[in-house]
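K.L.:
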Amino acid sequence: MKRNFLLLTLAAASVLPVSFIQAQPKPKQAAVKSAIGTIPADPDVKIGKLPNGLTYYIRKNSEPKNRAVLYMALKAGSLMETDAQQGLAHFTEHMAFNGTKDFPKNELINYLQKAGVKFGADLNAYTSFDQTVYQLPIPTDSAALFKNGFKILANWAGYVSMENDDIDEERGVIVEEDRQRGKNAQSRMQKELLPVLLGGSRYAERIPIGKLDIIQHFKHNEIKQFYKDWYRPNLQAVIAVGDFDVAQVEALIKENFSPLVNPANPRPHQKYDLPDNKQPVVKQVTDKEFPYNVVIAFIRRRYKETGGVADVRKGLITSMINSMMGARLQELKQKGTAPFVDGQFSYGAYQGGLVPGIDAATIVAVTKDPGELAKGLGGVAAEAERMAQFGFTASELEVVKKNMEAGNEKNYREKDKINSNAFVQTYLRNFLYKSPILSPDFRYTLTKQLLNEITLAEVNQFAKKIMTPENITIISQAPDKDKAKLPADAQLLDALRNSGKGLTAYVDAGVNKPLLEKKPAPGKVTAEEKIEGIDVTKLTLSNGVKVYLKPTTFKNDQIIFSSFAEGGTSLAEDKDYMATNYAGNIGGDGIGEFENTQLRKMLAGSTANASVYISSLYEGYSGSASPKDLETALQLVYAHGTNPRKDPILFKKNMDEFKVYLQNADDSPENVYADTITSVMSSNNLRERKPTLAELDQISLDRSFEFFKDRFADASGQTFVFVGNFEVEKIKPLLETYLGGLPATGRKEKFVDRGGKPLTGNVTRIVKKGIEDKAQVKLFFHGDYDYAADNNLQLSALSDVLEFKVLERLREKESGVYSPRVGVSYEKYPQPYYNLTISFSCASANVDKLVNAALDEIEKIKKEGATAVDIEKFRAESARAMEVSLRENNFWLSYITSKLKTDEDPLSVLRHAERLKQVTEASVKAAAVKYLGGANYFKAVLVPEK
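In this text, residue positions in the sequence shown follow our numbering: the first is 56, and each later residue adds one.
Shown next, in the form of structure tokens:
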């Protein structure tokens, strides 16, 4: 797949590791009215408790139709482990899928897969410090399957088998999970930082993955005792939300969970806290493979949750502050004078809500050089101190309130379209943390009232308290090679403490100009036709723009759209490619005379958004809006296409950011591995690989800007697709004005094939990079392809069946991997090509054995074909997934766009169920022989240096 490497990397480089502990977030606190205000019960959720103490939540909800989401939650996690049980809360979660009273061995997974429930994507679980949660999305149109869903939850709750042999076989899987998720720079640094971030608490001693020595050698009775002690009904809840009869579900819960009993002498369910650190703590860590220079300051504060309106008020104020601070920092970066490459500020639950009752202000700075970390921290902290000393302005608060009001209105208009998962998460937070349950109606009314009541003085008073100088922790992270350049601990502390000196109040520059000085001269609809069967109308406008319209009622307040026209960066000659490589970023730099911060103010209260893109083969637009804001979204489209912004300051900032990424990129084993794969899979094509530092200097803002303007100078080749809640006749005038008014010259352009196909034959690349015993393996089978719907289906089926086999062999039988993946891609343009990939991580010593095992599974399919059970699973999962997709706007936008690009029959989706019958044991065998013959086979392996 072609891509704009520079564009993607600039986006990725701004995503930085601010929080180091993976935990489920605490409920978002929000509030106003009065500190003692109470929240009424939501009448549409039935909450009950069985005599054995098990709590249940039941709600009827028809989004998605014929589906339910079932959860079994447990108020116990790694904090409850003894010293000898570290890691066994998580291990117990694994064992729940390895055999229960009613579903021995792997029968549970097989049963659900045959019913269309996908393991990992649908059927899953997680373990945290204070909770373990099992999730089961399940169809409700099969009475037997739905009924068995509650039996499965009950089996997890009290009837896990815990066979000794199964325990021993699972040890290797957990070791590999630790290897896959860790054994990298981030995990090594985390081990050094945890005693600081969670100092003096049990949290630092009970990381959910546990200790590998214990995982590998614990006695069977330890995990059985953990299960016996903590999997008890008075610590459990069943949550059921979906398209079902509430009375029937309540009866099923009582039938399946009433027999569960609590232990006669239960272990006390203890809560743990994080002690204060009155004296500031500074910790600096480096690692050979870490590519950035980052400093993070945490300023912690305690708070007491009320469970009422006061919490809702607090959450709204916090959101306002975070939004306004984010806007200020973004504005500072756009000016090009910020003493940091990237800066972030946020206030909220400390470490994602890890320890209840503790909030924190988090200040993050990323700098070019390690020696600038103190200056960078001081720069971001100065903005936080400016906030604390002078507060926000009325105009800033007005912008934020307008956006929050618009979001509140939009959510209310969608109240009958809320996905079941959203309700489940609300009830889960109520069970775990006693957070309030707000009905959609009450949430709307309360939010509207609070937004009206919250004053600027109240927000500023809250902001002032955030920067209280106590409970301060500062950490920095940098590459090993720059250790000597790091500032001293005292310098970082001084930077934070002195950041409030000599400040003046922020001045908010208003925007008084309209986005468009005048409306464009409209075009006209010159042709209209219907695509029967999928309710799509095609319009042709007088400037050549084609528009496909699919009205839906899947969402009440959503219209989404995208477009494409052939050309893209393929129309830049190789000699010009690097000079114009910034063109894909131009659209993100603003519009005309307006910077992004000004656009944000201008669009306050509007749900409209629109952007432009240039990819390797296409250029176009995308966006979304509520129906009432569609005109604004179309104005943004017109403005982007006709009045782009050239911003030298932002260009320099983005180039500097990319240079920061490049200077240490090759320190990361993962980056070197990815670059090696890209080199082979593109024959080291200039357009696919990342540029060097020297090549970066060739990139020209002027030439990129001219290329961008040229790409959007002729709209005659643009094809738009709109999906959502609209009436065709009502939006026609808007389409004629803003899309029909786009300039057009009728160039009739086509993209150019610039090469970049993979190296052919049998290719192997062994990358030796890294210091931990962690290998990564990718096996590619690829080649020229006859792109057709039937071939695509068979190749997808082969991929899914092979994943069943690889998972069973490499994980369940070999215990050598955690989550192997099999993926497939096929494209029609610029040349038809397919690529099927097997990927996994493992111990270095096991690479050859596991590669051979995966190849052995391929040979079995080529010789014997798929089994009837494999085909049953594939058909069921595909059919169930399509049932849900057909009721989603995003699916239809992607589907129609794809069919138009490849010139395929858009009605083929109506034959999906019938086409699935073409997938048989024999057809998968034939596909394996055809596509996995090995004529073009690439093995890429990453192993440590020693």
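Glycine included, C-beta positions come from ideal geometry on N, C-alpha and C.
In its own chain, which residues sit with a C-beta less than 6 Å from the C-beta of Glu858, not counting the 5 before and 5 after it?
P.N.:
Taken in chain order, the residues that qualify are Val877.
K.L.:
If you pair each beta-carbon of the segment 688 to 708 with each one of the segment 750 to 767, do three or more pairs fall below 8 Å?
P.N.:
Yes: the two stretches touch, three or more of their Cβ pairs being nearer than 8 Å.
K.L.:
Indicate the three-state DSSP secondary structure (helix, strand or coil) for Ile754 in the structure shown.
P.N.:
The answer is coil: DSSP assigns Ile754 none of H, G, I, E or B.
K.L.:
By alpha-carbon positions, which one of Pro577, Ile646, Lys573, Arg368 ends up nearest to Phe517?
P.N.:
With distances taken between Cα atoms, Phe517 lies closest to Arg368.
K.L.:
Roughly how many angstroms separate the alpha carbons of Val350 and Met217, rounded to a whole number?
P.N.:
Rounded to the nearest angstrom, the two C-alpha atoms are 45 Å apart.
K.L.:
Quick check: the Cα distance between Ile91 and Ile372, rounded to an integer number of angstroms?
P.N.:
Because the pLDDT of Ile91 is 42, which lies under 50, any placement of that residue in the model is unreliable, and the question is left without a value.
K.L.:
If Ser899 sits next to Ala995, beta carbons under 8 Å apart, how far is it from one beta carbon to the other, in whole angstroms?
P.N.:
The Cβ separation is near 15 Å, so there is no contact.
K.L.:
Report yes or no: do the segment 675 to 694 and the segment 569 to 584 share at least 3 C-beta pairs separated by less than 8 Å?
P.N.:
Touching, yes.
K.L.:
Ala67: buried (16+ other C-beta within 10 angstroms of its C-beta) or exposed?
P.N.:
The pLDDT assigned to Ala67 is 30, lower than 50, so where the model puts this residue is not dependable; a value taken from the coordinates is nonetheless given after this. Exposed is the call here.
K.L.:
Could you check which residue in Leu971, Gly675, Leu487, Glu827 has the C-alpha nearest to that of Ile294?
P.N.:
Minimum Cα distance to Ile294 is reached at Leu487.
K.L.:
On the DSSP bridge list, what partners appear for Asp414?
P.N.:
According to DSSP, Asp414 bridges with Arg356, Ala404.
K.L.:
Buried or exposed for Asp185, going by 16 or more other Cβ atoms inside 10 Å?
P.N.:
It is buried - the Cβ of Asp185 has at least 16 other Cβ atoms within 10 Å.
K.L.:
Specify the secondary structure class of Leu253 as computed by DSSP and reduced to three states.
P.N.:
Coil, per DSSP.
K.L.:
In this structure, does DSSP put Pro606 in helix, strand or coil?
P.N.:
Strand, per DSSP.
K.L.:
I want to know whether the segment 172 to 180 touches the segment 268 to 281 - three or more CB-CB distances under 8 Å.
P.N.:
No, the segment 172 to 180 is not in contact with the segment 268 to 281.
K.L.:
Take Lys601 and list the residues in its own chain whose beta-carbon comes closer than 6 Å to its own, dropping the five residues that flank it on each side.
P.N.:
Thr595, Thr774, listed in sequence order.
K.L.:
Are the beta-carbon atoms belonging to Gly795 and Gly578 less than 7 Å from one another?
P.N.:
Yes.
K.L.:
Considering Cα atoms alone, identify which of Ser242, Lys972, Gln653 is closest to Glu451.
P.N.:
Glu451 has its Cα closest to that of Gln653, out of Ser242, Lys972, Gln653.
K.L.:
From which residue to which residue does the beta strand (DSSP E) around Pro54 run?
P.N.:
Since the first residue shown for the chain is 56 and the last is 1001, residue 54 is missing from the structure and cannot be characterised.
K.L.:
Going along the chain, which residues of its own chain have a beta-carbon closer than 7 Å to the beta-carbon of Glu260, five neighbours each way excluded?
P.N.:
Taken in chain order, the list of residues that qualify is empty.
K.L.:
Out of Val822, Leu109, Phe760, Leu987, point me to the one whose CA is closest to Asn289's CA.
P.N.:
It is Leu109 whose Cα lies nearest to the Cα of Asn289.
K.L.:
Does the separation of the CB atoms of Ser933 and Leu971 fall below 7 Å?
P.N.:
Yes, Cβ-Cβ distance for Ser933 and Leu971 is below 7 Å.
K.L.:
Report buried or exposed for Asp925, applying the criterion of at least 16 other Cβ atoms within 10 angstroms of its Cβ.
P.N.:
Buried, since its Cβ has 16 or more Cβ neighbours within 10 Å.
K.L.:
Let me know the beta strand (DSSP E) ranges lying completely inside the segment 607 to 645, each 3 residues or longer, listed in chain order.
P.N.:
Those beta strand (DSSP E) runs which fall completely within the segment 607 to 645 and span 3+ residues are 614 to 621.
K.L.:
Could you compute how far the alpha carbon of Ala990 sits from the alpha carbon of Val727?
P.N.:
In a straight line, the C-alpha of Ala990 is about 26 Å away from that of Val727.
K.L.:
Looking at C-beta atoms only, is the number of pairs between the segment 115 to 127 and the segment 527 to 543 that lie closer than 8 Å three or more?
P.N.:
These segments do not touch.
K.L.:
State the Cα-Cα distance for the pair Gly639 and Ile669, rounded to the nearest angstrom.
P.N.:
Between Gly639 and Ile669, the C-alpha separation is close to 5 Å.
K.L.:
Please list, in chain order, all residues of the same chain as Glu247 whose beta carbon is under 8 Å from its beta carbon, the five residues on each side excluded.
P.N.:
Counting only Cβ-Cβ distances below 8 Å, and skipping sequence neighbours, we find Lys338, Val340.
K.L.:
Less than 6 Å between C-beta atoms, sequence neighbours within five positions excluded: which residues of the same chain meet that for Phe767?
P.N.:
Excluding sequence neighbours, Phe767 sits near Gly696.
K.L.:
According to DSSP, is Ser899 part of a helix, a strand, or is it coil?
P.N.:
If DSSP states are grouped into helix, strand and coil, Ser899 belongs with the helices.
K.L.:
In or out: Ala921 buried (at least 16 other Cβ within 10 Å) or exposed?
P.N.:
Its Cβ being crowded by 16 or more others within 10 Å, Ala921 is buried.
K.L.:
Output yes or no for whether 7 Å exceeds the beta carbon distance between Pro724 and Leu997.
P.N.:
Cβ distance < 7 Å, so Pro724 and Leu997 count as in contact.
K.L.:
So is Tyr402 buried or exposed if we call it buried at 16+ other beta carbons inside 10 Å?
P.N.:
Per the 10 Å Cβ criterion, buried.
K.L.:
Under a three-way DSSP split, which group does Glu863 fall into?
P.N.:
Note: Glu863 maps to helix in three-state DSSP.
K.L.:
Counting Cβ pairs closer than 8 Å, one from the segment 972 to 985 and one from the segment 621 to 636, do we hit at least three?
P.N.:
No: fewer than three Cβ pairs fall under 8 Å.
K.L.:
Check the C-beta distance from Asp366 over to Pro491 and give it rounded, since I have them as a contact under 8 Å.
P.N.:
Rounded, the Cβ-Cβ distance is 7 Å, consistent with contact.
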